[in-house]
Each structure stands twice: as C-alpha cells, then as structure tokens.
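The block underneath contains the structure these notes are about, expressed in structure tokens.
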Amino acid sequence: MKTIALALAAVAGLAATGAQAQGYPTRPITMIVPFAAGGPTDVIARIVTDHMSRTLGQQIVIENVAGAGGTTGITRAAQSQADGYTIMMGHMGTHGAAPALYPNLKYDPTKDFAPIGLAAGTPIVIVAKKDFPANDLKGFLEYLKTNSDKVNMAHAGVGSVSHSTGIFFNSVIKVKPTMVAYRGTGPALNDLMANTVDFMTDQIVNVAPQIQGNNIKAFAIATPERSPVLPNVPTTKEAGLEGYEVSAWNAVFAPKATPPDVVKKLSDALMKSLDDENTKKRLLDLGGVIPSNAERTPEALQKLVESEVARWTPVLKAAGATAE
Ligand code: ASP
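What the sequence shown shows, in mature numbering (1 follows the signal peptide of the UniProt record, and there is no 0), is residues -21 to -1, 1 to 303, in sequence order.
Written out as structure tokens, the structure reads:
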C-alpha cells in the first residue's frame, strides 16, 4: 500500500514538474542583481530583461541584493529554488574574481549554476573626479606615484569588477591608494561626481554618459581599441601604459538544478533580446559590447566562467589581494 502511494506520489510529482516547465513562466520572475540600483549590472539587467519579459509573457522583476562585492546576492540566488522563478545577473567579479578573494565563498562559479547566457561585454575605463589635478593618463600616473597615500579609490566591494580591476591596476602601477567600498559603482559614481572620492576603474556602461557630459574625467580605456562612444578617450596603450588591458562582462545565470527546458526558454529569450534593435541600441549607446551568437549560448558562458576563474586567480594572488 505504502509502495503504491509512494509510486503514485512520484508520478504526480513528475507530472507536476513537467506541466510546470511546459507552462513556464506562469508568474513573474525575479532577477537578483547583486549591486545597488543604477550601477552597470543593474542597468544591463534592466535593458535585457525588458525584451525578455515580453518574449516570456511574464514580467522579470529586478531585486537589488547588494553586499560583499556581489557575493551576498549571488549566494542567495544560487540557493533559491531552481524553478526558473529566481535568476540572477552575475559578472566577471562574482563569477570570475570572487573565488580568489573569498576562501569561504558559499558557491563555486564553475559548478553551482545553470548558465543562461552572456548579456554584454563591458570595457574598463579609468575615471577620476572632475577636479583631479591631472589632465591625461601620464599626469595621472605621476600624481598617483607621488601622492598615493592621499588618493582614494572607489570600488563596489571586494571581488567586484571595480575592485579586482582596481587592485590589478594598483599592482601594475605599484601604488597603494586608500580603497573605499560602496554597494555598487552607481553610488560610487555619485561620489565621484560630487568630488568626494578620487578615482576608479569602472565598466563603461556606468561612466560613459558622465564622461560625455564632462562631469568626470576619463584618462584611458583598457581595451586594444577605442570605444565608438568615447572616441576621444585613448586606449591605455596609446596613453603609454603597457600591461593594463582588461574588460568585464555581465551574464545571466540560474540556480544549478533549474530544469533544462526552463533554461532553454530563458536562454532563447535572452538571445532574442540581444537581437532586438532597441536592446542593441541601448547597450551600444552606453559602450556595451553585444556578444556574438556563438558567445551567447549557455555552453559558451560555462567555458567563459571557467577561463575567467583561471585567469583572475593568479592575477589577484600576485597582487596580494584578500578579502580584507
Ligand atoms: N557591477 C557592479 C555594479 O553594478 C560594480 C562592480 O562590479 O564593480 O555596481
């Protein structure tokens, strides 16, 4: 009797899962953004989910869960129910740099997620407050070298993109500015514009509008080519700085056990969003880089995460970085 009841329950359970995945999504989906609203990850999340919501026929609601360089929100998202109703926007920090900096990290970026797809590439720009006493990268580096103890560098928490690319920058230049943590580079940018913090290395989508508006200074972009949205900002190499080329990325993940057909629906919706002219324009206008079709797949994202963890671990260890 007991066996039959159990068997029936199992069949009912299976049917329920199948039906759930088939009708998915039947209610709004939450996307956890592990940083403050208004910052680069939040902006990219809002742009790509706009069109995804229309494809899926359900709203994707953004929930900002900031803290510990993005690892608080990603831990929560990784541990939430794997039913497709909680997904997340991770990035080069949470899914690349964090393992090198948090010995007790509660997730393994290479094992604990169902990758959905890459949303946007985000070149890194070296920016400073408008009043910074230098007008080009050369002058900036000279100033930094002699006044390092007086300079404050903003970042979005240990392991975030601005933190890891920032300490990589400091190790290349051999300077030790005072590090000031924020809950995202959205609030850090506000302080940069208010002239209360000195500089940061941040993702282009956050800073491009303020550079264009002359509200902050941009000394260089850390990519091999200039960005079409910042044609006057030299590359680090052009400006005479060798050894500092770095780009970030933001990508959608789901918790590990998310059913494959749900993963497919989400990934198809993301691909469609990235093909939409309006989504593309909004990302490109901010200097974002649209991933190619081959780069957008869950498999490509899994490979990217593995290569990023492998790339950042030695860089950050050599820079002597820890989760202070
Ligand atoms: N991406 C973060 C944000 O949205 C900042 C960072 O990782 O540096 O604020």
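Note that CB positions come from ideal geometry on N, CA and C, so glycine has one too.
- Taking the Cβ of aspartate 170 as the reference point, every heavy atom of the ligand ASP lies at 7 angstroms or farther away.
- By the C-beta density criterion, alanine 236 is exposed, having fewer than 16 other C-beta atoms within 10 angstroms.
- Rounded to whole angstroms, the separation of the alpha carbons of valine 184 and proline 19 is 6 angstroms.
- Excluding the 5 residues flanking it on each side, methionine 158 has same chain C-beta neighbours closer than 7 angstroms at Met132 and His134, in chain order.
- Phenylalanine 178 is a Cβ neighbour of valine 106, given a cutoff of 8 angstroms.
- Distance from the CA atom of serine 226 to the CA atom of valine 208, rounded to whole angstroms, is 16 angstroms.
- Of the candidates Ile41, Gly266, Gln189 and Leu80, the residue whose Cα lies closest to the Cα of threonine 144 is Leu80.
- Taking the CA atoms as reference points, asparagine 194 sits about 20 angstroms from threonine 214.
- Closest option to valine 288, judged by alpha-carbon separation, among Lys117, Gly2 and Tyr86: Tyr86.
- Alanine 93 is positioned such that its CB atom lies no closer than 8 angstroms to that of proline 7.
- Uninterrupted alpha helix (DSSP H) stretches at least 4 residues long and entirely within the segment 82 to 155 occur at 116 to 126 and 140 to 152, given in chain order.
- Counting every other CB atom within 10 Å of its CB across the protein chains shown gives serine 271 a total below 16, marking it as exposed.
- For phenylalanine 232, the beta-bridge partners assigned by DSSP are Met67 and Pro94.
- In this structure, aspartate 87 has its CB at a distance of at least 7 angstroms from all heavy atoms of the ligand ASP.
- In terms of side-chain proximity, the C-beta atom of histidine 74 is found no nearer than 7 angstroms to any non-hydrogen atom of the ligand ASP.
- Per DSSP, the unbroken beta strand (DSSP E) holding lysine 196 starts and ends at 195 to 200.
- For glutamine 37, the CB stays at least 7 angstroms from every heavy atom of the ligand ASP.
- Residue burial annotation: aspartate 21 is buried, with at least 16 other C-beta atoms found within 10 angstroms of its C-beta.
- Distances between the C-beta of proline 19 and the heavy atoms of the ligand ASP include at least one below 7 angstroms.
- Between the ligand ASP and alanine 289, a heavy atom-to-CB distance of less than 7 angstroms is absent.
- Alanine 56 and threonine 65 have their C-alpha atoms roughly 7 angstroms apart.
- The distance from the Cβ of glycine 36 to that of valine 44 is about 25 angstroms, inconsistent with a contact at the 8 angstroms cut-off.
- Considering only Pro293, Phe148 and Pro239, the residue with the shortest C-alpha distance to isoleucine 95 is Pro239.
- DSSP places threonine 34 in the uninterrupted alpha helix (DSSP H) bounded by 19 to 35.
- In the displayed model, alanine 160 falls within a strand according to three-state DSSP.
- By DSSP's assignment, phenylalanine 178 forms a beta bridge with Ala107 and Met132.
- In this structure, serine 139 and glycine 49 form a Cβ contact; the two beta carbons are roughly 6 angstroms apart against a cut-off of 8 angstroms.
- Bounds of any alpha helix (DSSP H) do not take in asparagine 43; it lies within the beta strand (DSSP E) bounded by 39 to 43.
- Annotated as proximal: isoleucine 103 and threonine 180, with beta-carbon spacing under 8 angstroms.
- The Cβ atoms of leucine 220 and leucine 84 do not sit closer than 8 angstroms to each other.
- Assigned with DSSP and collapsed to three states, alanine 227 falls in strand.
- Residue state for valine 242 is assigned as helix, using DSSP reduced to three classes.
- Isoleucine 53 carries a helical assignment under DSSP once its states are collapsed to helix, strand and coil.
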